[in-house]
Each structure stands twice: as structure tokens, then as C-alpha cells.
RNA sequence: GCGCCUGUAGCUCAGUCGGAUAGAGCACUCGCCUUCUAAGCGAGUUGUCGCAGGUUCGAUUCCUGCCAGGCGCACCA
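In this note's numbering, the protein residues as written are 1472 to 2041.
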């Protein structure tokens, strides 16, 4: 409750981009300030100006409810305030028309030529168009997946493999310095159990109770033995250790290969063991002691996490002297911070949501601000459907679905895209049959198809020698409603990227791309880009070719942020 | 018992800072390829935004309570 996820609010300062929405927002603020200065109005000036692209086209290109918002503090009727602002806004060269509607909405219609300038910005920005500066100078540590190296990556890990990677890209686009990190839980009982299971499989013995049962254990055992048959003759505990270490190395390598194949890259693979061998755990304990939140009770050493919203205190050192997993967690957090990360983001599965408060408390106990330095994103579980039925996942029954299985069934692009396009707090149902389809039901194809379609048009433009460089671009020629709609959608991209980064919600990029692709398809249906037959080449053809190129750039940039390919042909 | 997440069209789900007539895909009807990719476009039909209060000019959105489903509450890792 104390640290619920919803408490983390975006600070509202979106990236500084030179789009019309930002321009209008500043102008509205200026107009409001001017009215106050002239004594025509006395009200509070909001720090952020509400400005949106209205759903209804009759409401102009942009709409603001600012007059309604300040009406109360100004003590005036909203429509009167809107009238005051209208005067100043209409004087702007970019603005064609200002209407006041309903209770006091301000609807702004832009000059068409002014809207067309976005094409120039996009083409000049190239692959950097959409990038912002809202997180400039902020070092973010992004930890995700962090699976035990005792088995293959399953469906739950796969959601994070896609979303975590996309979030990393989005944060980078917002200017953050991102370190993607995979924490390897290579210490503790489960590793011993893993080693024992592999050895048992290799020796043809029964897998120990509570051991690892999957078929992959036998495969690992066979691989280990194949590589070094002598291991079968090693005696006693040494043999067990050998099996454990070799199987660990092989399994980790396999996870790394699978993720690499999936397009998810990590900067740091961080071993829990290294935390102990490097003295980081001792160091972490000292740091926490110095902050005064460590105490002894019943022979154990505790961290008083209840000081900061946890529901019970947590043990760092057991009465037997062993360090807990929680001790590693504290040391790891402190280590991340000391390596220079300002914000540590943890992406966890819903089955770990009970960790949120204790992780937040670690940050607070270390003297940090738990509302800034640490963020925990909880992802709900993924269900999978195939053949119209839910596939029940069970380790016992051996029906776990691995990342590899999913990719094999539907391909990397469809798997990544589908996992990313939903907010992580939504429990999602993944229908394998749908993901195999190449239709609108499968949005990844819809978006990719738009990209490939444009690529085809531009190839043809080259062939027909339609000039399509920026020098040949006259924005005033883009006057069709479809063109206007497309320009407006393109201009939204930087805002979408900025909000996706701030809210840690990469799915916004995917949803935006679907809208943009739809708008493009509509434009394509109604606006002929290239000359027909022996028709003369005109400046309008060039203007439209430029518009296509800009759209292709934005679709490509967006897909890049998701780690999904942008094909030239389909 | 306590805590977290979810509840929006027949199905799968969006819905930004509280805004105007709540959206998309699928499904169902019907149109559009002798010209740039029909993996596309257009038209039609579909709602107790879980329920009940509250906050206010305005609530799917914020607050409280309740109902339903999922998950979690270790000197395990």
C-alpha cells in the first residue's frame, strides 16, 4: 500500500521536441500569462497544458480544455477565458483557425503547410527522430528475467525478455544511459539440487526428491558426460560439484544463446556468487549497519524493513551463520547504485509481487529515496491457448512452454510484438493459432505490411524517377484530408516515445504504430502517390513520396524500439 | 485474515493530465484489385465501462465500500 505502483506518477515534463503540440502548449501558457499580466484575468497558471488530438475531426487538429481547468481559480466562465486565449492563438502564423466549442474547449486548426513541415523534421532526424531528452543524464539499471540457471526460460520469462528489452530501448531513446542486467541466481540450495539431479540422471539413478525432473535434465547430463566422459569416474562430493558446475555453465550458455536469438541483449550478466566472492555482501551489510537499520534477534541478523512499509522484518544472516537470499538482494542493490545507477528498475513476475515492499525498503534502509531510486514493475502471468484450449502449464507433467518453443511456433517478430503490445499489468492470453496467421488478427503483420508497402512505393518512385528528396518537397501541396491526418499522426511519435519511457510502458509504441499503419493504409487507398501511365511527374508526386518516406522512417523507428524487424518486402 | 493485479462489445483487448458522441481487431452483413503490395480500403451492426456511494462544471479514469477471478504473504531460493 505504502509503495503501490500507481504512486509513481510521471512528472509531466515530456521531452522537448519541436512539434506543434509543444509549440501550442508553450503558446497557450504564454497567452494565459499575458492575459494575467494585462489584468484581464487572475488565475493560477498550470504547469502542464492539456492538449490532445481530438478523436472527432470536427474539433480541429488540436484541442485544449485549459479554459475549463482554470475557470475555477479565475472565477470566470470558461468560454470567456477561451475567448481571451483565442485572440492570441489566432495571431500565430501556424494557426489557421481557433474555435470555441461546448463548455469552453479550444479547438485549433493548423495551417496545412505548417503541418507538412513535420516531414522535413522526420527525414532530417532519420533514425534519431522520436528520440528525446527527458532522461538525459539519468543512469538506469534495468534488471529483467533473472532466471535461475537450472532450466530453460519459460513463458513468464519470455514476456520480460520482450518487454524488458523494448523498455530498455525506449528509455535509451528518451536519453537515459541504460544498463541491461541479468541476475544469475547461481548460489544456494537450488544449485545443489540441480547438480544432484543432473548427476543422478547421468548415473542412471533416481532423481532426488524435490529435484529437477524435466527431460532437459537428462539432456544436460548427456551433454556433460559427452564432453568429458571421465566425470563418471570421479569420486564422491567432487563429482557432484563437477556435475553442478558443468551443467550450470551449459544451461547458462543455452539461456544466453536463446535470448541472443530472440534479439534480447544484456550488458551485464551478474552472478550472485560474485557478490559473495567480491566482498560486496559484507560491504552491503556494513552500509546498512551504518544507516542504523540492522539489529540482532534470536541469534540472527535482521534488517528493520518495517521502518519503511514492509509487513515484517527480514533476516540477513540466519542464526546458523548462513547468509540469506535477501542478503544478496540488499548487496546487489547497493552494488548497482555504487556502480553509478540512479534508478534501479526491477521487472518481476506477479508471483513475486510480495517482494515489492521489501525491495523498496532496502533502498530506504540504504539511505536512498524509494520513490526515485528504485522501481518495481510487476508483470502478470501469461496464459497460452492452442487449438482453442488453454495449455495447462505444469513442470511435473512436462508441459512447460519455453521461449524456444514459442519462437519455433510463431517466429521472433510475432512473439515479441504480441508480448509487448499489452500493458504488463494485464494478464494476457496468447493464442498460438492467431499468432501463426498472417492477417489483421495478428497486428505485427499489419504494421510490418505498411512498412513493406511503402518500401515498394519508394522503389517504384526511384524507377519512375519521381524526385523524392527533401529539396523536392513542398509541404503546401499536402492538402488532402488523408494527408493531413497522416501528418498529424506522424507528429505524435516523439510524444508517444517520451510517454512510453516516462510511464515505463513500451506497449504504447506498439499501439501507436498500429494507428499509424492504419492511417497510412487509408492515405494509400485515397491518394495516388506515383504518376499513372505516361502522366507527367508533378510536385505533388514528390510531396507524397516525401510523405511516404517520412512514414516509413517513423514505422521503422518504432519497430526498432520494439526489437521487431521492419521488412522491405513481404 | 492482510496485500497486489484484473473486471470495458459475443471473443481478445486499448482508452494519455479526469473532457466533447467510450474505441480497435476478430466474428457477422455488404461493397472495392485491366495501375504504386487486397497481408489492404470503405459502409453497417454490437455496451448496465463488475455493483453501490463520494469528490466536481464534468468520472471508464480519482477516493471509499462491496462482489468476482488471478497471485502472494519463510531464519526457501
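Positions of the beta carbon are idealized from the N, C-alpha and C atoms, including for glycine.
Since this is a predicted model, take the numbers as computed values, not measurements.
| query | result |
| --- | --- |
| Could you check what DSSP says for residue 1481 in three-state terms: helix, strand or coil? | Note that residue 1481 scores 35 on pLDDT, short of 50, meaning its location in the model is unreliable; the coordinates nonetheless yield the value given after this. Coil, per DSSP. |
| Can you tell me which residues form a DSSP beta bridge with residue 1569? | 1579 |
| Should residue 1755 and residue 1832 be called a contact, given that it needs their Cβ atoms to be closer than 9 Å? | no |
| Measuring only the C-alpha atoms, how far is residue 1703 from residue 1980? | 53 Å |
| Could you say if the segment 2030–2039 and the segment 1624–1643 meet the contact criterion of at least three C-beta pairs nearer than 8 Å? | yes |
| At a cut of 8 Å, does the segment 1788–1804 reach the segment 1741–1759 through at least three beta carbon pairs? | yes |
| Can you give me the Cβ contacts of residue 1725 inside the same chain, cut-off strictly under 8 Å, excluding the 5 residues immediately before and after it? | 1623 |
| Taking the Cβ atom as the reference point for each residue, do residue 1972 and residue 1597 lie within a distance shorter than 9 Å? | no |
| Note down the Cα distance separating residue 1883 from residue 2040, rounded to an integer number of angstroms. | 17 Å |
| Quick check: what's the CA-CA separation for residue 2037 versus residue 1502? | 43 Å |
| Residue 1583 and residue 2017: beta carbons closer than 9 Å? | no |
| Going straight from the alpha carbon of residue 1947 to that of residue 2025, what length do you get? | 21 Å |
| Would the segment 1910–1924 count as touching the segment 1558–1574 if we require 3 or more Cβ pairs under 8 Å? | no |
| Excluding the 5 residues preceding and the 5 following residue 1914 in the sequence, name in chain order all residues of the same chain whose CB lies nearer than 6 Å to its CB. | 1985 |
| Take residue 1737 and list the residues in its own chain whose beta-carbon comes closer than 7 Å to its own, dropping the five residues that flank it on each side. | 1651, 1652, 1653 |
| Considering just the uninterrupted stretch of the alpha helix (DSSP H) at residue 1889, what are its terminal residues? | 1883–1891 |
| For residue 1729, count neighbouring C-beta atoms within 10 Å of its own C-beta (all shown protein chains included) and say buried if the count is 16 or more, exposed if not. | buried |
| Is any non-hydrogen atom of the ligand PLP found closer than 8 Å to the C-beta of residue 1831, if you look at the structure I gave you? | Of the ligands one can find in the structure shown there are none, so the ligand PLP has no counterpart to examine. |
| Among the residues of its own chain, which have a CB less than 7 Å from the CB of residue 1771, if the five just before and after it don't count? | 1786, 1788, 1789, 1790 |
| Can you list, in chain order, the residues of its chain with a C-beta nearer than 7 Å to that of residue 1992? Leave out the 5 residues immediately preceding and following it. | 1921 |
| May I have the straight-line CA-CA distance separating residue 1911 from residue 1629, to the nearest angstrom? | 23 Å |
| For residue 1843, does the count of other Cβ atoms within 10 angstroms reach 16, so buried, or fall short, so exposed? | exposed |
| So what does DSSP say about residue 1780, is it helix, strand or coil? | coil |
| Taking 8 Å as the cut-off, does the segment 1531–1543 touch the segment 1571–1578 (at least 3 CB pairs, one atom from each stretch)? | yes |
| What residue from 1734, 1715, 1496 has the CA that sits closest to residue 1888's CA? | 1734 |
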